[in-house]
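Read in order, the letters of the sequence shown correspond to residues 109 to 475 in our numbering. Working notes, beginning with the structure itself.
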Amino acid sequence: MPSHPPNSNRTTRRAFLKQAAVASLAAPIAAPFVHAQDKSGLKNVVIGKGAYQYECIHDWGMEHLPQGAHYGNASHGVTIDQEGQLYVTHYGDPGSVFVFDTAGKFVKSLGGFHHAVAPDPAPTGRGHGIDIRTEGSEQFLYLAASDATMDFVKMNMKGEIVWRKGLQDLKQDCGRYGEGVAYRPTNTSFSPDGGYFLGDGYGANLIHQYDKNDKYVRTIGGIGSGPGQFRTPHGQWLDNRDDTPKLVVADRANKRLQWFDLEGNHLNSLDGFLFPADIDVQGDLLMVPDLHCRITLLDKQNNVVAQLGDDDDWRKLALDGFKMRNEREKWLPGKFIHPHDACFDADGNIFVAEWVKTGRVTKLKKV
């Protein structure tokens, strides 16, 4: 997801900086897949209606990957820096993050910075949640690895680790990780005062809040379906569409969004989703990439104004044993398989990363 206005998170609780495995790769050559609709001379499919129409550019940036670079078993997260460059997390190689310029040209790869053991035994491509925030005059990456052996990590844009927080840190801070309690990070988000939230969505169903000085504040959630409880809080974001900023959580397996005030109190919930995976906000729009084949846009009053790619017949095919994620030859233009994350760019275009084998990034160019 894209960065939001500067915050003053200048102090870290880690005294060390560790150089990550940063691979700036050579000029791109032939990639394994191409934009078939472009090469054949056919026009890209346009989806949506009215004010919410988008041209689908599937496999955006794929043809510019260097030889040997690939997304592996999945592409996971997307975010955009101040310069408009797109960062895509993945389970492939090399590294865990691919960076593209605004034209889709490959810029570099960031390496195996997530591992809980320092120094890393080897770079490991396990990228999942990713977001960027401007703090003072500098941008920083916040990452989550979706791996029980790895940490939440804050990095500068050179790939140097500012701090890392893993299971032992969280256990000491919150006291919620007793024997047998799972841990597996999914995502991060930011509060307007310079603090941040760390989501353990695949593990203990908890979200941990830290202040602008990196000090632990509180933990919200826990397994369940009641108000303030979660079943896979996969992603979360700051909902600043009115005068009272709130934390909004994609409570995936409960098929709903939940809103909290910044003191962790539950405010309200919204049902009607299929498997909401993450959230982004631009202006009055709140966007929800749904792992079950669609992108939902909500207005300031949380009314649905668009559901991009929504198709019941296609969904039945795509969700049949989740086999479609492995069957690229069956993918159709203008249809999503498993949107895992999505973000707006400055012009209102949307980038979607999907949980599919070989990975796929789709640019939805606003018409």
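Yeah, the Cβ is synthetic: ideal placement off N, Cα and C, and Gly gets one too. Note that this is a predicted model, so its numbers are computed, not measured.
Check your understanding: Hey, how far is the Cα of F459 from the Cα of L382?
Key -> 20 Å
**Study point:** Secondary structure of E171, DSSP reduced to three states
**Key:** helix
Point to revise | R402 - partner residues in DSSP beta bridges | key: Bridge partners of R402: D398.
Exercise for review: Give the straight-line distance between the Cα atoms of T470 and D449, rounded to the nearest whole angstrom.
Suggested key: If you take the alpha carbons of T470 and D449, they lie about 11 Å apart.
Review point. Does the distance from the C-beta atom of R284 to that of D255 stay below 9 Å?
Key: no
Exercise for review: Measuring alpha carbon to alpha carbon, tell me which of M265, L472, L346 and Y291 ends up nearest V215.
Suggested key: M265
Check your understanding: Which residues in the same chain as G200 place their Cβ atom closer than 7 Å to its Cβ, once the five residues preceding and following it in sequence are excluded?
Key -> H178, Y179, G180, G233 and G467
Exercise for review: Please say whether R360 and H342 have beta carbons closer to each other than 9 Å?
Suggested key: yes
**Study point:** Residue range of the alpha helix (DSSP H) that includes A426
**Key:** Note, A426: alpha helix (DSSP H), D420 to A426.
Review point. Which stretch, first to last residue, makes up the alpha helix (DSSP H) that contains Q276?
Key: That run of the alpha helix (DSSP H) goes L275 to C282.
Exercise for review: Report the option in A414, D347 and L472 whose CA atom is closest to the CA atom of G158.
Suggested key: A414
Exercise for review: Return the residue from the list S204, I403 and R326 that minimises the CA-CA distance to K279.
Suggested key: Taking only the C-alpha atoms, the option nearest K279 is R326.
Review point. Exposed or buried, V475, counting other C-beta atoms within 10 Å across all chains shown (16 or more means buried)?
Key: exposed
Practice item. Give the straight-line distance between the Cα atoms of S148 and I155, rounded to the nearest whole angstrom. Key: With a pLDDT of 46 at S148, under the threshold of 50, the predicted position of this residue should be treated as unreliable, and no value is reported.
Point to revise | Closest Cα partner of N434 within the set G302, P397, S183 and Q247 | key: Looking at G302, P397, S183 and Q247, the one whose alpha-carbon comes closest to that of N434 is S183.
Practice item. Check the C-beta distance from R272 over to D259 and give it rounded, since I have them as a contact under 8 Å. Key: Rounded to the nearest angstrom, the Cβ distance from R272 to D259 is 4 Å, consistent with a contact under 8 Å.
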